[in-house]
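Chains as they are written, first to last, in our numbering: chain A, 36 to 174; chain B, 36 to 174.
The block underneath contains the structure these notes are about, expressed in structure tokens.
2 protein chains.
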Amino acid sequence: MLIGALLRVPAQAIHRRIIGDLNAAGFTELRVPHMAIFQYPGPDGERPGVLAERAGISKQAMNQVLRSLETAGYLERSDAPDHGRARIVRLTRRGAMAYATIHDILRDIEHQWAVELGPRAFGNLKTLLIRVWESPLVR
Amino acid sequence: MLIGALLRVPAQAIHRRIIGDLNAAGFTELRVPHMAIFQYPGPDGERPGVLAERAGISKQAMNQVLRSLETAGYLERSDAPDHGRARIVRLTRRGAMAYATIHDILRDIEHQWAVELGPRAFGNLKTLLIRVWESPLVR
DNA sequence: ACATGTTGGTAAAGGAAGTTTACCTTGGCG
DNA sequence: CGCCAAGGTAAACTTCCTTTACCAACATGT
């Protein structure tokens with residue numbers, strides 16, 4: 036078994052679970068592309084261009100995501116007071132609740148993994164993945 | 036840092052690297068959706084429906100991927116002699132070369148990870164991920 | 001034997017989501 | 001003041017998946 040599949044399959048499973056649980060929790064408008072926004076760290080106070088780069092999509096694509104989330108009441112775009120044409124994305128109360136819910140779901144997933152693998156093995160796994168994260172391997 | 040991002044980011048990095056290296060190696064037609072075909076184990080001798088289920092997409096979507104790969108000369112679909120309406124996907128020489136190249140790229144990635152983390156830590160990481168793979172967590 | 005259902009495969013139309021192209025606004029700078 | 005770069009937005013296009021529909025080859029019941 037090669038490292039590609041070993042990482043990809045669990046990552047996909049977590050992704051599906053997050054979306055499913057979010058929908059079940061009442062955030063029924065949230066779908067796959069919206070997750071580009073809610074990835075850590077959240078979009079609160081950021082500018083659209085920064086969010087686009089972070090998510091690895093074009094500014095235009097990010098703008099479509101932002102517009103749909105704004106329509107659905109998850110965030111709002113306001114003018115940045117000091118910096119020219121720049122705008123700022125702010126989560127609404129509903130957006131903040133969705134973000135907190137994602138965090139809760141991930142906590143629950145981590146708990147299940149810790150039970151399944153044992154807390155020690157799960158801790159080792161996270162430690163190793165953090166070393167990968169901090170290495171040049173993922174650049 | 037939560038487990039979702041820790042798995043997702045390296046998995047995406049590997050995915051981008053595979054496609055980039057494949058294109059650089061002369062397989063310029065291969066793009067994201069084509070990877071659904073070349074995931075382990077390869078498509079050689081399989082039927083379209085099985086490939087669709089394995090990739091998690093509909094039979095129709097898989098059929099479009101197969102057609103584009105057939106047009107590009109990576110595989111061919113032939114009638115299965117014994118089993119009724121069933122058809123069989125066969126890699127051409129070019130398709131087999133692409134598959135082998137993917138394998139080489141993954142081997143190279145694993146080598147780089149082993150150097151970066153140390154062989155022992157990398158072995159531990161794979162062992163832990165295999166335990167996840169075999170658990171009900173990813174179902 | 002033959003009508004019917006099931007399985008496997010394919011094709012066309014529709015929709016979701018990202019990119020390319022183009023444009024507007026703001027502020028910096030000669 | 002005129003020009004240009006940066007940031008943001010919008011429209012058109014492309015890609016790719018799903019929905020819907022259809023066809024062919026068995027299997028089965030009567």
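Backbone N, C-alpha and C define an ideal beta-carbon position, used for all residues, glycine too.
The structure presented is a predicted model; accordingly, all values stated were derived computationally and were not measured.
- The beta carbon of residue 93/A does not come within 9 Å of any beta carbon belonging to chain B, so the residue lies off that interface.
- By the Cβ test, the stretch 128-141 of chain A is in contact with the stretch 51-63 of chain A, since at least three Cβ pairs between them sit closer than 8 Å.
- In the DSSP annotation of this structure, residue 169/A is not part of any beta strand (DSSP E); the continuous alpha helix (DSSP H) holding it starts and ends at 154-169.
- In the same chain as residue 66/A, and ignoring 5 residues on each side of it, the C-beta atoms closer than 8 Å to its own belong to 54, in chain order.
- In the three-state scheme derived from DSSP, where H, G and I count as helix and E and B as strand, residue 144/B is classed as helix.
- Per the DSSP secondary-structure output, residue 114/B pairs in a beta bridge with 122/B.
- Taking all protein chains in view, the Cβ of residue 75/B is surrounded by fewer than 16 other Cβ atoms within 10 Å, so the residue is classified as exposed.
- If you draw a straight line from the Cα of residue 163/A to the Cα of residue 68/B, it is about 30 Å long.
- In summary, residue 121/B is exposed, with fewer than 16 beta-carbon neighbours lying within 10 Å of its beta-carbon over all protein chains present.
- Listed along the chain, the chain A residues whose CB falls inside 9 Å of the CB of residue 36/B are 75, 161, 164, 165 and 168.
- Contact check for residue 130/B and residue 109/B: beta-carbon distance about 4 Å, within the 8 Å limit, so the pair qualifies.
- Distance from the CA of residue 97/B to the CA of residue 86/B, rounded to the nearest whole angstrom, comes to 7 Å.
- Straight across, the Cα-Cα distance linking residue 144/B with residue 170/A is about 13 Å.
- Separation of residue 77/A and residue 38/A (C-alpha to C-alpha, rounded to the nearest whole angstrom) is 29 Å.
- Residue 49/A belongs to the set of residues whose beta carbon lies under 9 Å from a beta carbon in chain B.
- For residue 45/A, the C-beta contacts it makes with chain B under 8 Å involve 42, 164, 167, 168, 172 and 173, in order along the chain.
- Residue 55/B sits in a helix when the DSSP states are folded into three classes.
- Within chain A, 172 have C-beta atoms less than 7 Å from the C-beta of residue 147/B, given in sequence order.
- The alpha-carbon separation between residue 101/A and residue 125/A amounts to approximately 11 Å.
- With 16 or more other CB atoms across the displayed protein chains lying within 10 angstroms of its CB, residue 140/B is buried.
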